[in-house]
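In our numbering, the protein residues as written are 1317 to 1968.
A virtual CB, placed ideally from N, CA and C, is assigned to each residue, including glycine.
Since the structure is predicted, the reported quantities are computational estimates derived from the model, not experimental observations.
Reading through the structure tokens given below for one structure.
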């Protein structure tokens, strides 16, 4: 009996051991399977359940004008998101959020309901919320906010078509914002959101900071831009025009000081405007220049030595036949010199000058002035214009191109071409950015003036300028562009019919009216082009565009402190220090404007290296204070070099 009892006990012990070993074996195997075999996969699933990674763009770099006035900045705003899988009552949440986000509650409810299984959705990004509104959102459960950066343009529509705008993710979509996006955008910031067992957001941590975008400093001068926009807006309204453009360039460097468009838009409220209002007409829109092309015809024949301004042509009393076409003038001119053909803008005179020059030579000079090809400006969407090869010109085509029809150009091409005459014969590459600096203010890339090619000799340029001053003299077609007080204006009017793409030929009653020129004629500081698209009533360029040129030139020169010889300002214009105009003509040296050696140069905006180089060339002592870019100097530029002491230049 005892033997049976002992055997049963041993059996039970063995059974228990087998059960225990089997149980712990299964547990061990399961643990091994979970920890080793499926460990990485389960760890990843756990992260997905307890963490949410949100990528947020870093703060975008700023855009400044040439004087470091802010034109585009980024401000911190709230973006509202939801975790739909945690929201119990989507109707209640939608009703509470609707007035805060200015979104229809039904739209919010549908979005939450359709995303019920999702862990994260944006409800509205980049909204302005107060502290009380943020706290209310956080009490709803499953809804919270995160800080993001939103683009803000403090001067609203000022230079909007040039600056452009960004999208919701701070990516550049138009203008400088698009062209220099890789510099401005910086890198993305990754934020990991920790959640508890119920899915509630606990905190944001482990933030991987993105690199803030770089700052872009434009060549644009905010004040001159404002002057140009004001004058253009006034003219468009006064003449009922469809639109218009103004481009102001520094002729010696190719720097764009202003680029105005009408219509324009407010980049802070982009949805209220249509795409045709976004585009920068000065670089995208082509038009037939009309009589302003006679300037470059004149330059070609003078440079070739074929004619001089005193040579005369019979202008056929207003009617001249070439092949199967008849050309007309607005007045019946008889004998006119080349000088007076330009002054009175005779089409027939221009046709005869073109015949004397010939197709091949004329084409070669038009190409040299930059027509038919892109300028290479640092802006998106530039058009090349249209210039057919001379082998495709008929005799009639030679005649029409001589007075600006049968060829198309952009405003930027034209102002670049007139600048080549203003600066002594150099075609400069136009640009809108001076330099780019990082978040510490260190310049990482600087854009210096670039000479594309020499087009004319300095003597020819000077002679063309002399002839163009007759246009703004009494009796000239551009008399209304003349300035009071001793300044001479070199310029040309243009009145071109608009082509009709449907019916071919030209649309009746539709014109592009323009005026192009530079001031002062003897020592040019500004090249300016004004165009008005389809003005109503009076449409002659000398009547509608020339006065706009005058207003912009007059106010801009006063702002720059440029005054005629022997005159002095009554006081600083616009509250700024007056800068006396240099008494000797600036020259082009390696693409940059060089002031008279006996005057204090303008160091503002230059690097320390540039200041030291210029000072060394003048044997001028300079006291360097600070680092970065020169923001001020004493004594002021333009005055005589002091006999004792030097110039103090402040950098920042």
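Under the DSSP assignment, residue 1729 falls in the alpha helix (DSSP H) whose first and last residues are 1727-1738. Cβ atoms of residue 1659 and residue 1792 come within 8 Å of each other, at about 5 Å. Counting the other Cβ atoms within 10 Å of the Cβ of residue 1941 gives fewer than 16, which makes it exposed.
In the same chain as residue 1709, and ignoring 5 residues on each side of it, the C-beta atoms closer than 6 Å to its own belong to 1675, in chain order. With a contact defined as Cβ atoms closer than 8 Å, residue 1538 and residue 1474 qualify at about 7 Å.
Around the beta carbon of residue 1331, a 10 Å sphere encloses fewer than 16 other beta carbons of the protein chains shown; the residue is thus reported as exposed. Contact between residue 1479 and residue 1379 holds, with the beta-carbon distance rounding to 6 Å and staying under 8 Å.
Residue 1583 sits buried, since 16 or more C-beta atoms from the chains shown fall within 10 Å of its C-beta. Looking at the DSSP output, residue 1398 bridges to 1437 and 1459. Its chain contains 1811, 1848, 1851, 1855, 1857, 1860 and 1861 as the residues whose beta carbon lies nearer than 6 Å to that of residue 1829, once the 5 sequence neighbours on both sides are disregarded; these appear in chain order.
In terms of Cβ geometry, residue 1697 and residue 1596 form a close pair [threshold 8 Å].
Apart from the 5 residues on each side of it in sequence, residue 1845 sits with its Cβ closer than 6 Å to the Cβ of 1563, 1727, 1730, 1731 and 1832 in its chain, given in chain order. Under the three-pair Cβ rule at 8 Å, the stretch 1729-1749 counts as touching the stretch 1680-1690. Here the alpha carbons of residue 1670 and residue 1678 stand approximately 7 Å from one another. Assigned with DSSP and collapsed to three states, residue 1923 falls in strand. For residue 1641, the uninterrupted beta strand (DSSP E) segment begins and ends at 1641-1644. Using a 10 angstroms sphere on the CB of residue 1601, the tally of other CB atoms reaches 16 or more, which defines it as buried.
Within its own chain, the residues whose Cβ lies closer than 7 Å to the Cβ of residue 1401, once the five positions on either side in sequence are excluded, are 1432, 1433, 1434, 1435 and 1515, listed in chain order. Residue 1747 is positioned such that its CB atom lies no closer than 8 Å to that of residue 1561. DSSP places residue 1468 within a strand segment (E or B) once states are collapsed to three.
The beta carbon of residue 1456 is closer than 7 Å to those of 1409 and 1412 in its chain, skipping five residues each way along the sequence. For residue 1576, the closest C-alpha among the options 1920, 1923 and 1868 is that of 1868. Within its own chain, the residues whose Cβ lies closer than 6 Å to the Cβ of residue 1574, once the five positions on either side in sequence are excluded, are 1540, 1541, 1544 and 1564, listed in chain order. Per DSSP, residue 1492 is not a residue of any beta strand (DSSP E); the alpha helix (DSSP H) it occupies stretches across 1491-1495.
Per DSSP, residue 1833 is one residue of the beta strand (DSSP E) stretching across 1822-1835.
For the pair residue 1797 and residue 1834, the CB atoms are not nearer than the 8 Å cut-off. As DSSP reads the structure, residue 1967 sits in a beta bridge with 1946.
Restricting attention to alpha helix (DSSP H) runs no shorter than 4 residues, the stretch 1561-1634 encloses them at 1591-1594, 1597-1600 and 1610-1620, ordered along the chain. Per DSSP, reduced to three states, the secondary structure at residue 1531 is strand. Residue 1934 and residue 1652 have their C-alpha atoms spaced approximately 49 Å apart.
Every alpha helix (DSSP H) of 4 residues or more that sits fully in the stretch 1690-1719 is shown, in chain order, as 1711-1718. In this chain, residue 1419 is not harboured by any beta strand (DSSP E), its DSSP state being neither H nor E. Rounded to whole angstroms, the separation of the alpha carbons of residue 1490 and residue 1498 is 13 Å. C-alpha of residue 1383 to C-alpha of residue 1725: approximately 31 Å in a straight line. When rounded, the separation of the alpha-carbon atoms in residue 1916 and residue 1953 is 5 Å. With respect to residue 1611, residue 1808 sits close: the two C-beta atoms are nearer than 8 Å.
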